[in-house]
Amino acid sequence: MIDKFVPTLAAAMAGIQDGATVLAAGFGPGTPATLMQGLAEQGARDLTLVMNAGGRDDGPVADLLRTGHIRKLICSFVRADSVAGRQFAAGTLELEIVPQGTLAERIRAAGAGVQAFFTPTGADTILAEGRETRVINDRLCLLEYPIFGDVALIDAWQSDRFGNLTHRDSARNFNPIMAMAAKQTIVQTAHVVELGAIPPENVHTAGVFVQRVLHVPV
Amino acid sequence: MIDKFVPTLAAAMAGIQDGATVLAAGFGPGTPATLMQGLAEQGARDLTLVMNAGGRDDGPVADLLRTGHIRKLICSFVRADSVAGRQFAAGTLELEIVPQGTLAERIRAAGAGVQAFFTPTGADTILAEGRETRVINDRLCLLEYPIFGDVALIDAWQSDRFGNLTHRDSARNFNPIMAMAAKQTIVQTAHVVELGAIPPENVHTAGVFVQRVLHVPV
Amino acid sequence: MSGSAFKPLDRDGIAERIARDIPEGWFVNLGIGIPTKVSDFVNDREVIFHAENGVIGIGPTPDAGNINPYLVNAGVQHISLIVGAALVHHADSFAIARGGHLDLCVLGAFEVAENGDLANWARSPDEPVKQVGGAMDLAVGAKRLWVAMEHNTKGRGDSRVRKICSYPLTAKGVVKRVYTDLAVLEVTPHGFAVLDMIPGMTKATLEERTEAALIWP
Amino acid sequence: MSGSAFKPLDRDGIAERIARDIPEGWFVNLGIGIPTKVSDFVNDREVIFHAENGVIGIGPTPDAGNINPYLVNAGVQHISLIVGAALVHHADSFAIARGGHLDLCVLGAFEVAENGDLANWARSPDEPVKQVGGAMDLAVGAKRLWVAMEHNTKGRGDSRVRKICSYPLTAKGVVKRVYTDLAVLEVTPHGFAVLDMIPGMTKATLEERTEAALIWP
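Read top to bottom, the protein sequences are chains A, H, L and Y.
In this text, residue positions in the first sequence follow this note's numbering: the first is 1, and each later residue adds one.
In this text, residue positions in the second sequence follow this note's numbering: the first is 1001, and each later residue adds one.
In this text, residue positions in the third sequence follow this note's numbering: the first is 2001, and each later residue adds one.
In this text, residue positions in the fourth sequence follow this note's numbering: the first is 3001, and each later residue adds one.
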């Protein structure tokens, strides 16, 4: 019987290696806060963290950064007045800033087997300096590569034992695409449902993309 | 008030120009048969038709090909013993064969603003002859371009007046991505529903991609 | 600065002025800041508002008692949905922006140049903070890009309406129209054309307050 | 041809032999033809079957009286869904195939070469019919590619298990294992290794029926 549920946070986080690239979903709601806490506790070092924004001084990203286990942050937005901003200024955190849509598309590309793509976004900005560009259909485009995750940390509203997920309202955000893009996709779900409770046509993230699910009631 | 419903098949098909590229969805179920019939009747010539397969001797594709209005067919699969196969053999139909996944990805790319992408699919085959390839992460990849539609012909199970759609079961197939990829997306829907009847989290194709909707009861 | 009798629009005033130009049926993304306020002024028309985090059909700001913690806009402020809304994931949401499906995007800016260049994400190439967000995607992807900003900087009063942007660009040649607290300017192949001014504003004063050349009707 | 006492597997037999090697929990795409039959033989395990047209979790073939006209597989045959199925659109479905999410894909073939090359879509480069379908996507994307085919061609009895493919390739170096009516062959860096043979088959006969060299355990 397929059963992707794991009993404990430690079991959910087991085996994450030093140097791993970790995709963490969330845009306000939809942030897998328990799993991010678990990552801070799990002890893997030298991590690359991929998420939309570097956060503020509190919350799951800040907690994770404070443990000092993050070597590099790939995101679209960092505030000067935040843990990430100060670590970057102090030279203890590498930073790769990616336009938010390009970030989403690079993550999806990793999940979909696209090995590189050309986009106009950022092509005529300082973000393109020293990088490969090409004019396609009269538009200057920038070559972008997929962001593959070793691990994805995902938030869900419902999960069945196959790992079929729903996400509530705008808590969906990066969750379905990050789930696609990692070798090991770990989910925290607010609700556990019976197989079949989620209608097939309304599954938001299919279980094929999910390896482990932890029940974290809200 | 936003109301994308049109009263007649003629109104749905109005304005399609000679030389247009028409994306037609469907993989068995999900084929917009009424709209394809409407296209045959509408009279635009010299069309490029993009759909998964060239069909057999009967059905909507065959009918459309028989009118002689299709100059070129872009698809993943053509049978020798079909209208398309015989027209190609006779030299009256141009054919561009695209692997099915690349076809889907090129259509999605058009909808998503991706101007080109590299994929391993087909890169080491005769389909890549004379085309740009590149080794990325030790894999030979082929450069593929988006397929933009002037018109998309779409099948839906439900539509509201914003053009928010659901697709039934595997009738979804190419419908959501073709709807994204065309300037003029024309839908035939089995059911008309009130605004709000489709839960926001379970809209399969958002109304932003839809221009006209025709009610075609099943 | 001129002493002529005019009262610059406040932030709500700029938002209201923009709202007046949005026809029914448009599909619109509103950036953070002044742009976010635009939706408050189009209640008489069906205009569909999009947010980068996957919301299609933003409704009115909810009362404190009706907050849905699972529903925010691109500024992570609580929102409601209109009837007929749809929710998608981040890549699909940016497919809308990057794929040319937005009739309009309204963004804030530090500077706009007469060739349509937009600078709205950094004040220096080596600024330690990096706040790109979705602006570059929206700027290149939307069918029309309008900017909402104050005409001049606070303090020094420098013109944000420029011959050439001095800050790092968000995208080149993308701005179609600028709505400031003083005027509405259209970006044309020949530079900024004045479409409208606030009551009491004069040609002389607007030119004094604007670094770029202005084309008068 | 040898006269030794063996009975080649029929198409169901090949499918049954493949099914035996699929462990519970795998996520599997089955091509048209013999591969489609594989799912009939794994009823004792939870194996999830994917179809290119967006079906995740294909169930048993429905009776004539229980056909859902909106639900087909990649061969456009009517199917049912398992409990726990999911439905996605074509790009998402091929993201599964191309993105490396399939544990296994089983395809039919005209020929397989000892370096893992696969030929299954055309018998000549200038063949008038072009039946690529999704095979190239599946061949390069799946974690494992197994082939189900008859060992020899009908009529002439030519070996489909080849030193080099003579037909246009679907993809290079992708096949991991070949299940024929006579044997199971693993593609190794040194060529085809024999994993299994049907009852009554001998080394000599299998070598006689096979163009490529065989590696014996």
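Backbone N, C-alpha and C fix where the C-beta goes; we use that ideal spot for every residue, glycine too.
Here the structure is a predicted model, which means the values were calculated and not measured.
The residue among Y/3119, Y/3090, Y/3031 and Y/3107 with its C-alpha nearest the C-alpha of residue 3077 of chain Y is Y/3031.
Boundaries of the alpha helix (DSSP H) harbouring residue 178 of chain A: 175 to 181, taken from the DSSP string. Interface flag for residue 3114 of chain Y against chain H is unset, since no Cβ pair is found closer than 9 Å. Residue environment analysis places residue 2121 of chain L among the buried positions, since at least 16 neighbouring C-beta atoms fall within 10 angstroms of its C-beta.
Taking a 10 Å sphere around the C-beta of residue 3007 of chain Y, we find fewer than 16 other C-beta atoms and assign the residue as exposed.
Annotated three-state conformation of residue 1048 of chain H is strand, per DSSP. At a cut-off of 9 Å, the C-beta of residue 3166 of chain Y has no neighbouring C-beta in chain H.
For residue 117 of chain A, the uninterrupted beta strand (DSSP E) run begins and ends at 116 to 119, by DSSP. Note on geometry: alpha-carbon atoms of residue 1125 of chain H and residue 3054 of chain Y lie some 26 Å from one another. Within the same chain, 21, 23, 181 and 182 come within 6 Å of residue 149 of chain A by CB-CB distance, once the 5 residues on both sides are set aside. The beta carbon of residue 1195 of chain H falls within 9 Å of a beta carbon belonging to chain L, placing the residue at that interface.
A straight-line Cα-Cα distance of about 27 Å links residue 2124 of chain L and residue 2214 of chain L. By DSSP's assignment, residue 1028 of chain H forms no beta bridge with any residue.
In the structure shown, residue 186 of chain A falls within a strand segment according to DSSP collapsed to helix, strand and coil.
In this model, residue 2050 of chain L and residue 2022 of chain L are separated by some 14 Å (Cα to Cα).
Under the Cβ distance rule, residue 162 of chain A counts among the residues neighbouring chain Y, one pair being separated by less than 9 Å. By the Cβ neighbour-count rule, residue 3020 of chain Y is exposed, with fewer than 16 other Cβ atoms within 10 Å of its own.
Taking the CA atoms as reference points, residue 2009 of chain L sits about 11 Å from residue 2149 of chain L. Under the three-state reduction of DSSP, residue 67 of chain A is assigned to coil, being neither helix nor strand. Residue contact check for residue 111 of chain A against chain Y: a CB pair falls below 9 Å.
Taking the beta carbon of residue 169 of chain A as reference, the chain H residues within 9 Å of it are 1200 and 1201, listed in sequence order. The alpha carbon of residue 2189 of chain L has as its nearest neighbour, out of L/2027, L/2208, L/2176 and L/2153, the alpha carbon of L/2176. Annotation note: the stretch 3112 to 3148 of chain Y contains the following uninterrupted beta strand (DSSP E) runs of length 3 or greater, listed N- to C-terminal: 3145 to 3148. Fewer than three beta-carbon pairs drawn from the stretch 129 to 148 of chain A and the stretch 159 to 176 of chain A are found closer than 8 Å, and the two stretches are therefore not classed as touching.
Chain order gives the chain A residues near residue 3085 of chain Y as 200, where near means a beta carbon separation below 7 Å. Residues of the same chain with a CB within less than 7 Å of the CB of residue 87 of chain A, apart from the 5 flanking positions on each side, are 65 and 93 in chain order. If you draw a straight line from the Cα of residue 2096 of chain L to the Cα of residue 1179 of chain H, it comes to about 12 Å. Counted as a single uninterrupted DSSP element, the alpha helix (DSSP H) harbouring residue 1085 of chain H occupies residues 1083 to 1089.
Our two residues, residue 1047 of chain H and residue 1027 of chain H, have alpha carbons roughly 21 Å apart in a direct line.
Each of L/2079, L/2131 and L/2130 was checked against the Cα of residue 2040 of chain L, and the nearest Cα belongs to L/2079. Interface criterion not met: the Cβ of residue 1052 of chain H is under 9 Å from no Cβ in chain A.
Closest by C-alpha distance to residue 3101 of chain Y, out of Y/3066, Y/3141 and Y/3083, is Y/3141.
Interface annotation, residue 141 of chain A: in contact with chain H, CB-CB separation under 9 Å. Within the DSSP secondary-structure output, residue 1094 of chain H pairs in a beta bridge with H/1072.
For residue 206 of chain A, the chain Y residues whose C-beta falls within less than 7 Å of its own C-beta are 3056, 3086 and 3088, listed in chain order. Taking the beta carbon of residue 119 of chain A as reference, the chain L residues within 8 Å of it are 2098, listed in sequence order.
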